[in-house]
Amino acid sequence: MARWENGPGVLHGVGDGVPVEIAASYRARARGLLGRDGVAGALLLTPASGVHTFRMRFAIDVAYLSRDFTVLAVRTMRPGRLGLPRLRARHVLEAEAGAMARWGLRPGVRLGIEPRR
Numbered sequence: 000m001a002r003w004e005n006g007p008g009v010l011h012g013v014g015d016g017v018p019v020e021i022a023a024s025y026r027a028r029a030r031g032l033l034g035r036d037g038v039a040g041a042l043l044l045t046p047a048s049g050v051h052t053f054r055m056r057f058a059i060d061v062a063y064l065s066r067d068f069t070v071l072a073v074r075t076m077r078p079g080r081l082g083l084p085r086l087r088a089r090h091v092l093e094a095e096a097g098a099m100a101r102w103g104l105r106p107g108v109r110l111g112i113e114p115r116r
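Residue numbers for the sequence shown follow numbering that gives the first Met the number 0, so the first one is 0 and each next one is one higher.
Pasting the structure below:
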C-alpha cells in the first residue's frame with residue numbers, strides 16, 4: 000500500500016487476525032496511546048522508526064517493522080522510557096505488555112495489515 004490512512008484494520012500473520020488501529024497522520028502518530036488506559040489489539044504507527052513512553056499509563060510491547068512488515072525487533076517498554084530509533088524500521092506496532100509474546104511475534108516474522116473502511 001503506497002499511502003496509509005488513519006483507521007481500523009486487521010493484523011495478519013499472528014493468531015486469528017488481531018484488530019489494529021492505523022495511525023498514519025502526524026497528529027494520530029503524536030497522540031499514539033497517550034491518555035489511554037489500554038488498547039484492544041494493537042496500534043500501528045506509520046511511518047515511524049522509534050517511540051517513547053513518556054506520560055503513558057501502562058507498559059507496552061513495541062515491534063519495529065521493516066518496509067515489508069518483517070519484524071526487526073520486539074521490546075517491552077515501561078512508562079517514562081525513550082526507545083532508540085531503528086534505522087531500518089519503517090513502521091512501529093504497539094500493544095499492551097505481554098500481548099506480542101502471546102501472539103508469538105518475534106524477529107523474522109512477516110506480518111500483513113488489512114485496512115478496513
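Backbone N, C-alpha and C define an ideal beta-carbon position, used for all residues, glycine too.
How about P114 and G8: are their beta carbons less than 8 Å apart?
Within the sequence shown, residue 114 is the residue found at index 115, counting from 1. Within the sequence shown, residue 8 is the residue found at index 9, counting from 1. For the 8 Å CB-CB criterion, P114 and G8 form a contact.
Please name the residue in H11, R2, S65, G40 whose C-alpha comes closest to that of A96.
Within the sequence shown, the letter at position 97 stands for residue 96. Ranking H11, R2, S65, G40 by Cα distance to A96 puts G40 first.
When we look at the beta-carbon of G107 and count the other beta-carbons within 10 Å, is it buried (16 or more) or exposed?
Position 108 of the sequence shown holds residue 107. Exposed, because fewer than 16 other Cβ atoms sit within 10 Å of the Cβ of G107.
Coarse secondary structure for A94, derived from DSSP in three states:
Against the sequence shown, residue 94 aligns to sequence position 95. DSSP places A94 in strand when its eight states are reduced to three.
Might you give, ordered along the chain, the residues of its own chain that have their beta carbon closer than 8 Å to the beta carbon of A58, omitting 5 neighbours on each side?
Here residue 58 is taken as the residue at index 59 of the sequence shown, counted from 1. The beta carbon of A58 sits closer than 8 Å to the beta carbons of T52, T75, M76, R77, P78, E95, A96 from its chain, once the five residues preceding and following it are set aside; these are given in chain order.
Cα separation between R116 and L10?
For this step, residue 116 is matched to residue 117 along the sequence shown. For this step, residue 10 is matched to residue 11 along the sequence shown. If you take the alpha carbons of R116 and L10, they lie about 15 Å apart.
Buried versus exposed call for E93 [16 or more other C-beta atoms within 10 Å across all chains shown]
Your numbering for residue 93 matches position 94 in the sequence shown. E93 is buried by the Cβ-count criterion.
Which partner residues does T75 have in the DSSP bridge list?
For the purposes of this step, residue 75 is identified with residue 76 of the sequence shown, where counting begins at 1. For T75, DSSP records a beta bridge to D60.
Can you tell me which of L43, F68, R56, G31 puts its alpha carbon nearest to the alpha carbon of G12?
Translated into positions along the sequence shown, residue 12 becomes position 13. G12 has its Cα closest to that of F68, out of L43, F68, R56, G31.
A27 (DSSP reduced to helix, strand or coil)
For the purposes of this step, residue 27 is taken as the residue at position 28 of the sequence shown. Helix at A27.
Leaving aside the five residues before and after L44 along the sequence, list all residues of the same chain whose C-beta is less than 6 Å from its C-beta, in chain order.
For the purposes of this step, residue 44 is taken as the residue at position 45 of the sequence shown. Closer than 6 Å at Cβ, skipping near neighbours: A22, R28, V91.
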